[in-house]
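Reading through the structure tokens given below for one structure.
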Amino acid sequence: MKTFMGKNFLLETEAAKVLFHNYADKLPIIDYHCHVSPKEIAEDKRYNNITELWLGGDHYKWRAMRCCGVPEEYITGNASDYDKFKAWCKAMPKLIGNPLYHWSHLELRRYFDCNLIINEENCDAIWETCNAKLAEPEMSVRNIIRNSNVKLVCTTDDPVDSLEWHKLLADDASFDVKVLPAFRPDKGININKSGIAEYMAKLSAAAGVEITDVDSLKKAYVQRLDLFASLGCKTADHGFDEYRTFIESNPYEVNEIFKKAIESDGKDITDEEMYKFKTEMLTFLAAEYKKRGFVMQIHFGVLRNQNTRMFKAIGPDTGFDTVGNFDMITPLSRLLDKMDSTDGLPRTILYSINPTDNAAVAALCGCFELSGDGKPKVIQGSAWWFSDNLDGMRRQMTDLANLSAFGNFLGMLTDSRSFISYTRHEYFRRILCDLIGKWVENGEYPADIETLAELVADICYNNAKNFFGFDI
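Residue 2 is where the sequence shown starts when you use my numbering, and the numbers rise one by one after that.
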């Protein structure tokens, strides 16, 4: 029987052990998509206790606790931080096979030097150990990032954001980790959502452009894109939660749709009108991204806020989203083709939340690989959200390898709101090295350690650096 999460955790072959311990484990981290707060980095936030750091805002853990029958009072309710932590510890033994079991123990070990098993019996000892560690200066947000060997972080930012914290960080010579904004314009694209009129007023004020029609809307976006670019932005991110139809239109029609959306605050917009507007605006934005050298990231397939009662009670991003099961490949292909036909397709990363899309996404990327500069043009992103588990990561990487050039893969990202989620990179790297090690062990790839080490270094670090053009 192997030791629980021992030195060679997830590493089955000698090749895997060499690749991880001698190469992958030592590589720095580029976190090119996450949801951490730039304000908390700028202010070098400190945490009062482990619940605040570990459970605050983490809808992965909230969802798991609900699956274990934990009352909402101990998840997002008014229970004390200690009682919430105890509820989490009590739930943990039931999470066998869930990536949270591995991630949580990795976080406990790497950041708190604590090898205790997370359960109700050890709750008090873990609580005291972690809280004592959090009282030390090395557990401030900036030091957590530094000590995690992170070189660059891309946050997720709305076009109306002031980016004041990014400006402060850019001018702060005491912190050498780059914190760059990422452009996320979803709120202004989803014109069928309530609140679109109020949002456009905010965008107008932020850009200094009176938005009265689609042309002035585009001018406002250009102004904000220029600001983002001036602060080192290298990427834009889109969530295609309901983009399931590609519909061509004309400028007059799109303008009328936009005016109708503002007048009705999104209430009178039909699905057809929504997709016409999105097709126009996404094509426009993609061309602007290409002009600035931005990478476009597209996350698609989510069904959000499926529990109406809980959405009304505690809002979005609280653990009530799920995997959509509908065709996104066909309309996405048409959209990418429209962008490409006018030479307006930027470098793009595609992520599907549905693991059954893996092969289709990998194959679709190959239809637009025409950069000719030694780097991919459109590439499949890492296993995302409901798929970033042990089996999901293996399946995604295997499908990508089967249908594309695995050596160009961009590796892992946290996609997290937590500053101790960088252990997910270790988890990914162990799985990556194990996968490659098995191919070598089976005689499917030469046991050439120099070539293999270069491959691992590229996937874990170099490819992302080069694909985005990060200056680090």
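The beta carbon of each residue, even a glycine, is placed where N, CA and C say it ideally should be.
Keep in mind that this is a model prediction, so the values were computed, not measured.
Neighbour-count burial assignment, residue i, 16 or more Cβ in a 10 Å radius
{"i": "D238", "result": "buried"}
{"i": "P138", "result": "exposed"}
{"i": "S419", "result": "buried"}
{"i": "A133", "result": "exposed"}
{"i": "D344", "result": "exposed"}
{"i": "M2", "result": "exposed"}
{"i": "A43", "result": "buried"}
{"i": "C368", "result": "exposed"}
{"i": "E15", "result": "exposed"}
{"i": "E249", "result": "exposed"}
{"i": "E59", "result": "Just to set this straight, residue 59 is Asp in the shown sequence, not Glu. D59 is buried by the Cβ-count criterion."}
{"i": "P252", "result": "exposed"}
{"i": "S422", "result": "buried"}
{"i": "A208", "result": "buried"}
{"i": "T424", "result": "buried"}
{"i": "G320", "result": "buried"}
{"i": "N464", "result": "buried"}
Test item: CB-CB of residue i and residue j under 9 Å
{"i": "I350", "j": "Q298", "result": "yes"}
{"i": "C124", "j": "K85", "result": "no"}
{"i": "D318", "j": "V154", "result": "no"}
{"i": "L414", "j": "H34", "result": "yes"}
{"i": "I460", "j": "L411", "result": "yes"}
{"i": "L365", "j": "L337", "result": "yes"}
{"i": "Y102", "j": "L96", "result": "yes"}
{"i": "I330", "j": "V362", "result": "yes"}
{"i": "P182", "j": "G233", "result": "yes"}
{"i": "T130", "j": "H36", "result": "no"}
Below-9 Å beta-carbon distance, residue i vs any chain C residue
{"i": "I248", "result": "Of the protein chains in the structure, only one exists, and it is not chain C."}
DSSP three-state assignment for residue i, whether helix, strand or coil
{"i": "H300", "result": "strand"}
{"i": "I460", "result": "helix"}
{"i": "T309", "result": "helix"}
{"i": "T52", "result": "helix"}
{"i": "D26", "result": "helix"}
{"i": "F278", "result": "helix"}
{"i": "L351", "result": "strand"}
{"i": "V441", "result": "helix"}
{"i": "F184", "result": "strand"}
{"i": "L11", "result": "coil"}
{"i": "C115", "result": "coil"}
{"i": "T323", "result": "strand"}
{"i": "L411", "result": "coil"}
First and last residue of the uninterrupted alpha helix (DSSP H) at residue i
{"i": "H60", "result": "H60 to C68"}
{"i": "V215", "result": "V215 to S231"}
{"i": "L170", "result": "E165 to A171"}
{"i": "V362", "result": "N359 to C366"}
{"i": "L1", "result": "The structure shown does not extend to residue 1, since the chain is modelled only from 2 through 473, so no value can be given for it."}
{"i": "K85", "result": "D82 to A92"}
{"i": "V1", "result": "The structure shown does not extend to residue 1, since the chain is modelled only from 2 to 473, so the question has no answer here."}
{"i": "V255", "result": "P252 to S265"}
Contact test: residue i Cβ vs the ligand GDP heavy atom, cutoff 8 Å
{"i": "V441", "result": "Among the components modelled here there is no ligand, and therefore nothing to report on the ligand GDP."}
Segment limits, beta strand (DSSP E) that includes residue i
{"i": "Q381", "result": "V379 to Q381"}
{"i": "A32", "result": "It should be noted that the sequence gives Asp, not Ala, for residue 32. Per DSSP, D32 belongs to the beta strand (DSSP E) from I30 to D32."}
{"i": "T236", "result": "T236 to F241"}
{"i": "L181", "result": "K179 to L181"}
{"i": "C35", "result": "Taken as a continuous stretch (DSSP letters only), C35 belongs to no beta strand (DSSP E), as it is neither H nor E."}
{"i": "V142", "result": "Not the beta strand (DSSP E): V142 falls in the alpha helix (DSSP H), residues V142 to N148."}
task = Report yes or no: do three or more beta-carbon pairs, one from the stretch 433-445 and one from the stretch 109-127, lie closer than 8 Å?
result = no
request  = Decide if the stretch 401-408 is in contact with the stretch 17-32; the criterion is three or more beta carbon pairs, one per stretch, under 8 Å apart.
outcome  = no
key: Contact the stretch 186-194 vs the stretch 275-283: 3+ CB pairs below 8 Å   = yes
ask   = So does the stretch 322-331 actually touch the stretch 237-257, counting three or more Cβ pairs closer than 8 Å?
value = yes
task = Kindly confirm or deny that the stretch 220-236 and the stretch 286-294 touch, where touching means at least three C-beta pairs closer than 8 Å.
result = yes
Contact the stretch 163-180 vs the stretch 253-266: 3+ CB pairs below 8 Å = no
message = Check whether the stretch 71-78 and the stretch 381-398 touch, using three or more Cβ-Cβ pairs below 8 Å as the test.
response = no
inquiry  = For the stretch 229-236 against the stretch 152-172, do three or more pairs of beta-carbon atoms, one drawn from each stretch, fall closer than 8 Å, so that the two count as touching?
reply    = yes
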